[in-house]
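Enquirer: Below you will find the structure I want to go over with you.
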Amino acid sequence: MIDWKLILETIGILIYATFMGFIFMGIERKAMARIQRRVGPPIYQPIIDTLKLLGKKESVSHGFIYDFGPVFALGASIAALLFIPIANFQLFSTNADLIVVAYLLEVPMLGIMLGAMSSGNPYSAVGVQRGLLTMVAMQLPYGLALIALIQHWGTFKLNDIVALQQAHGWSITVPALLLALIVFDIVFQAMLGLEPFDIIPAPAEISMGPMVEYGGKHAALLFTQHAVQLFAETAFFAVLFLGGASNLLELLIKQIAVLFISIFIASIYPRFTIDQAAKFFWKWPTIIGIIAVLLTM
Amino acid sequence: MNEIPIILFTPLLAGVLAWLINVKGVRELIGVIGAATPLAFLAKLYPTIVNNPNNPITYQMTVSGFKVTFTLGMLNWYFAAIASLVGLAMAFGMVSTSKNGYDWLFALMSYTGVLGVFLSWDFVSFFLLWELMTFASFMMVLKRNRHESLKYFVLSVIGAYAMLLAIALIYAKTGALDFDSIRQALYMDAMLGSISKGETALIFVLFLTAFGVKAGAWPLHVWAPGAYSETDQSYTTFFSGALSKAGAYGFLLLYILMGAKLYYALGTFHGHLTFAYIIAWIGAITVVVASFLAVLQEDIRKLFAYSSVGQVGYILLAFGLGTGLGFAGGLFHVLSHAVFKGLFWLVTAAIILQTGKTQFKDFGGLAEKMPFTFAMGLIAVLSLAGIPPMAGFASKWLIYEAAISAHMPLVAGAIFLGSALAFAYVVRFLYAVWFGQRPSDLEDVKEAPLPLLIAMAILAIPNIVFGIAPGLVTNYLNKALGGEVVGGNYYKLVTQTGTYNALTVALLLVVGLAIAGLIYLYGAKARRIPVTNTYQSGNPVTEEFNLSIRRNFYLPLKEALAFWLRYSFDKFYERIAQLSEDFADTLREGFYNGNVQAYSWYLAIVLVILALWGVL
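Protein chains in written order, with full-length UniProt numbering: chain R, 1 to 297; chain G, 1 to 616.
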């Protein structure tokens, strides 16, 4: 009793998500370029980059965990993606709920850090430290936003949340959840690793942080992981606050809308230092989050 | 005659024998057999327990006029089985790390104490064995560090005598010492109200102190970092894995014995039971404070000690929710904390045994030298950080669900923060000990000895098995809690609001890893290069450079928290201890001043008092 339909759907969504994830990365670069009055690369540029990295004749390795880190990160991203209801495809979303997905979306970070640490590079270590501190800082407002959402809809199941939104209007139409959305969107910026919270890679500051030692196929894996993660996180956002979607096109519009907000914020703000980021996250987003939570009680 | 006395007293007997014989090889054999016996008997009794949930096995005996009762019901069995599993791992670990009979005597004595606390069904045996447990663990710490052991002992004594006072109050009011009668009497009294509100609150606070000390709840956690680190690390497996659960069990007992009475006496607060609400907040504060402190530690043992305190905080928090789901989550976390933290301490024991170092600044690059220990450490890390599908995730998931469903959002927010902090400190451990450049004095480190590896395997297997099949635990807990609290089957957990299918998560993770692995294999073959062949802003690097960040890894966090870190309960207690010592000195010098006239004045004053009283 193998469910062939589910398997085909899964394969289809995986290919689609990877492809669209790369396109999102292209959109990001293109939009940033236009904002700065540049022409920018073509929109399929990240795909070319990744293929080039995969085609390198040699890659170097610092040991087993160094190889395992990126593999684990991509594997966890794929697993996270498959538990999110993507438009009209439910995939495995009945098997796991919001908490599981929220956790799975963080696991790739551990994979990247595991690999980065085993390289023994000091820049990687600084990147890992900043990554973890960002996570510690953002987790409290992030948790509060999710709690507000769960309390309002009374369920942890993602497909139920979508169904309820389709019956009662999107989450953002509820005032308390609008506050939660603001908090979530601030945290989202850090989840995507965009300015002002691109503290983890911090190019020009600590030479790409955790990714400094990676090249060749390892970097290709990390690019792919970023694409899948980008697709999964934007879809997660759409599912939680924008009423999910009934088909892939609708979902795509919502994802791009979410992405554009992030790009606009990212292109006009400089980077926070890590202690500023921690203090920021524990101040306004936390306060707004607590208000949102109390309003939904 | 049944199995209970055998389960209880074999470890103690084995400890005494190991101490008396004290021949290398023999004492280890006796110790391991003594530690394995309770587990074997508990396993043998499992069908009996599960098939007669309402008719527990009991054993009674008379000790100097008191009739003491031991019971093996669903709940007692659960705690005792966890303790004996950790106890067995401890015994295997001690084969490698302990070199004398003294350690065996007291380690196994505390084993008996813990089992006794879990199996007692009256306050006489409960208190006696509680004291035995405290004393034995104190003796284990005393051998290494006098100051830390005394701190632990004084706090434990305060806890124990708070408990004695509470027991005395209950005995005075109800005239009963066994749990069944007390439960009945207090239940009746909840309606009658002959015990006043103030007295009930006093008993509650006294018990809270007693159990809070053992569980390491904030603000009574100060003994834990010292006591957990200044002892044989194999013993700490048991100390933090099982002995700290005595405190958690105590909180559960509070519900069993006085739940109804406390509810009627203290009422509710915004729809929550007031007394439970207090416990939940103590748990939440413990989680946050201890996890922050764990992140900032520079010593491997201190880090895990604070982490242990934080994780027990989760258990208290879950019990404090007061719902069926909360109890299920808390009880599951008792198991998963015991197995992953026990594993952590065994890994620590192996590291310290093989390198003789404890500070993070002295380690680095051990993953190649001790691959098996590293793999075990990684399992523990994944379980503690709550990576599905490990046991640590399943229990944390239940606590999340319970906290949000119980409408305690801010408490749930504390768990979110706590688990991010847990991520941060386990990565600190991974980075400093296993990865990066290896200091030259660690070149000839070898893999841990076989008994330690066996001990690690004993605790690593449950982490994975109960992670992929969490239903094994929740099905049992459902029966113990008397109702379908958590639904689903072996692989799937279902609550009223959410689902978690551990098997699917595991399978999809494997599928994802397979896809990623294929991409990896497709790429060109990787060439292995040494750690020093690395990017250093384009500069060459040699062995003399220290590339790893070994000190103050989380300095920005320390600076961000500088204001809060100035306040420490440790310093506060030290200050109080100093003050009372000074006060005692003043008293001694003031009254015993060696002046004969002063002593005659005391006599005169006493006579005056007696005269005024009308005696003379």
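Glycine included, C-beta positions come from ideal geometry on N, C-alpha and C. These numbers come from a predicted model, not from an experiment.
1) Using the rule of at least 16 other Cβ atoms within 10 Å of the residue's Cβ for burial, across every protein chain shown, is F332 of chain G buried or exposed?
2) For F536 of chain G and L555 of chain G, I'd like the C-alpha separation in whole angstroms.
3) In chain R, what lies closer than 7 Å to N501 of chain G by C-beta?
4) Can you name the residues of chain R whose CB is closer than 8 Å to the CB of Q437 of chain G?
5) Are the CB atoms of T134 of chain G and S149 of chain G within a distance shorter than 7 Å?
6) Skipping 5 residues on each side, what residues in its chain have a beta carbon closer than 6 Å to that of A424 of chain G?
7) With C-beta atoms as the reference, is E213 of chain R less than 7 Å away from S119 of chain R?
8) Which residues of chain G have a Cβ atom closer than 9 Å to the Cβ of I99 of chain R, listed in chain order?
9) Got a sec? Which residues, its chain only, sit under 7 Å from F292 of chain G by beta carbon, not counting five neighbours each side?
10) Counting pairs of Cβ atoms below 8 Å between the stretch 345 to 356 of chain G and the stretch 85 to 104 of chain G, do you hit three or more?
11) Determine the extent of the alpha helix (DSSP H) in which Y490 of chain G is found, giving its start and end residues.
12) Under 7 Å, Cβ to Cβ, is there at least one residue of chain R near G512 of chain G?
13) What residues are listed by DSSP as bridge partners for I147 of chain R?
14) So which residues on chain G does V107 of chain R lean against when the C-beta distance must stay under 7 Å?
15) In chain R, which residues lie less than 7 Å from F92 of chain G when you measure between Cβ atoms?
16) Could you work out which residues of chain R lie near V427 of chain G, taking near to mean beta carbons separated by less than 7 Å?
17) Using 8 Å as the cut-off, can you tell me whether the stretch 301 to 311 of chain G makes contact with the stretch 144 to 162 of chain R, which would need three or more C-beta pairs spanning the two stretches below that distance?
18) Can you round the beta-carbon distance between L177 of chain G and V213 of chain G to whole angstroms, since I take them to be within the 8 Å contact cut?
19) Residue ranges of each beta strand (DSSP E) run of no fewer than 3 residues wholly in the stretch 83 to 166 of chain R, ordered along the chain?
20) Can you check whether the C-beta of P11 of chain G is within less than 7 Å of a C-beta belonging to chain R?
21) Got a sec: which bits of the stretch 269 to 297 of chain R sit with their beta carbon under 9 Å from any beta carbon on chain G, in order along the chain?
22) Whose C-alpha, out of R:G26, R:H62 and R:L164, is nearest the C-alpha of P46 of chain R?
23) Assuming A87 of chain R and L248 of chain R form a contact by the criterion Cβ under 8 Å, report the distance between their Cβ atoms to the nearest whole angstrom.
24) Is the stretch 402 to 415 of chain G touching the stretch 458 to 468 of chain G, taking contact as three or more C-beta pairs under 8 Å?
25) What residue does the beta strand (DSSP E) around N76 of chain G start on, and which one ends it?
26) Within 7 Å of any Cβ in chain G, is that where the Cβ of I7 of chain R sits?
27) In three-state DSSP terms, what is H407 of chain G?
28) Figure out for me which residue from G:T532, G:F238 and G:W104 has the closest Cα to the Cα of F79 of chain G.
29) Out of curiosity, what's the CA-to-CA distance linking P290 of chain G and Y522 of chain G?
30) Taking DSSP's pairing of strands, which residues face Q297 of chain G in a bridge?
31) Using a cut-off of 7 Å between C-beta atoms, extract the partners of P139 of chain R located in chain G.
32) What would DSSP say about M61 of chain G, mapped onto helix, strand or coil?
33) Report the three-state DSSP secondary structure of residue 670 of chain G (helix, strand or coil).
34) Could you tell me the boundaries of the alpha helix (DSSP H) in which V141 of chain G lies?
35) Determine whether the beta carbon atoms of A284 of chain G and P389 of chain G lie at a separation below 7 Å.
36) What's the gap between the Cα of R551 of chain G and the Cα of Q225 of chain R?
Expert: For this structure:
1) Counting the other Cβ atoms within 10 Å of the Cβ of F332 of chain G gives 16 or more, which makes it buried.
2) In the sequence as displayed, the identity of residue 536 of chain G is Gln instead of Phe. Rounded to whole angstroms, Q536 of chain G and L555 of chain G show a C-alpha spacing of 22 Å.
3) Simply N95 and A96.
4) Within chain R, the residues placing a beta-carbon under 8 Å from that of Q437 of chain G are G120, ordered along the chain.
5) Between S149 of chain G and T134 of chain G, the C-beta spacing is not below 7 Å.
6) Within the same chain, A424 of chain G has close Cβ partners V295.
7) For E213 of chain R and S119 of chain R, yes; Cβs fall inside 7 Å.
8) What I99 of chain R touches in chain G: K396, W397, Y400, E401, I404, G498 and Y500.
9) Excluding five sequence positions before and after F292 of chain G, the CB atoms of its chain that fall closer than 7 Å to its own CB belong to L421 and L561, given in chain order.
10) Contact check between the stretch 345 to 356 of chain G and the stretch 85 to 104 of chain G: three or more CB pairs, one atom from each, fall below 8 Å, which counts as touching.
11) For Y490 of chain G, no alpha helix (DSSP H) segment is defined, and its DSSP state is neither H nor E.
12) It does: the Cβ of G512 of chain G has a partner Cβ on chain R nearer than 7 Å.
13) Partner(s): none; I147 of chain R has no beta bridge.
14) Annotation: Cβ neighbours of V107 of chain R in chain G (cutoff 7 Å, chain order): I387.
15) Per Cβ cutoff of 7 Å: no residues; F92 of chain G is ~27 Å from chain R at best.
16) Those within 7 Å of V427 of chain G in chain R are M113, V128 and L132.
17) These segments do not touch.
18) Not really, about 22 Å apart at Cβ, beyond 8 Å.
19) Not a single unbroken stretch of the beta strand (DSSP E) spanning 3 or more residues falls wholly within the stretch 83 to 166 of chain R.
20) Chain R, which has no Cβ nearer than 7 Å to the Cβ of P11 of chain G, makes this no.
21) Here the close residues are T273, I274, D275, A278, K279, W282, T286, G289, I290, V293, L294, T296 and M297.
22) Checked all of R:G26, R:H62 and R:L164; the closest Cα to P46 of chain R is R:G26.
23) Sure, about 5 Å apart at Cβ, within 8 Å.
24) The stretch 402 to 415 of chain G makes no contact with the stretch 458 to 468 of chain G, as fewer than three CB pairs between them are under 8 Å.
25) Run containing N76 of chain G: none in the beta strand (DSSP E); it sits in the alpha helix (DSSP H), M74 to T97.
26) No, I7 of chain R lies away from the interface with chain G (no Cβ there is under 7 Å from its Cβ).
27) Coil.
28) For F79 of chain G, the closest C-alpha among the options G:T532, G:F238 and G:W104 is that of G:F238.
29) Note that residue 290 of chain G corresponds to Ala in the displayed sequence, not to Pro. Y522 of chain G has its alpha-carbon roughly 45 Å from the corresponding atom of A290 of chain G.
30) For Q297 of chain G, which the question treats as bridged, DSSP gives no partner whatsoever.
31) In the sequence as presented, Pro is not what sits at residue 139 of chain R; that position holds Gln. In chain order: F416, L417 and A420.
32) Looking at M61 of chain G - three-state DSSP - the assignment turns out to be strand.
33) As displayed, chain G neither begins before 1 nor continues past 616, which places residue 670 of chain G out of reach and without an answer.
34) F123 to L142 is the extent of the alpha helix (DSSP H) around V141 of chain G.
35) Their beta carbons are not under 7 Å apart, which means A284 of chain G does not touch P389 of chain G by this criterion.
36) C-alpha separation (whole angstroms): 32 Å.
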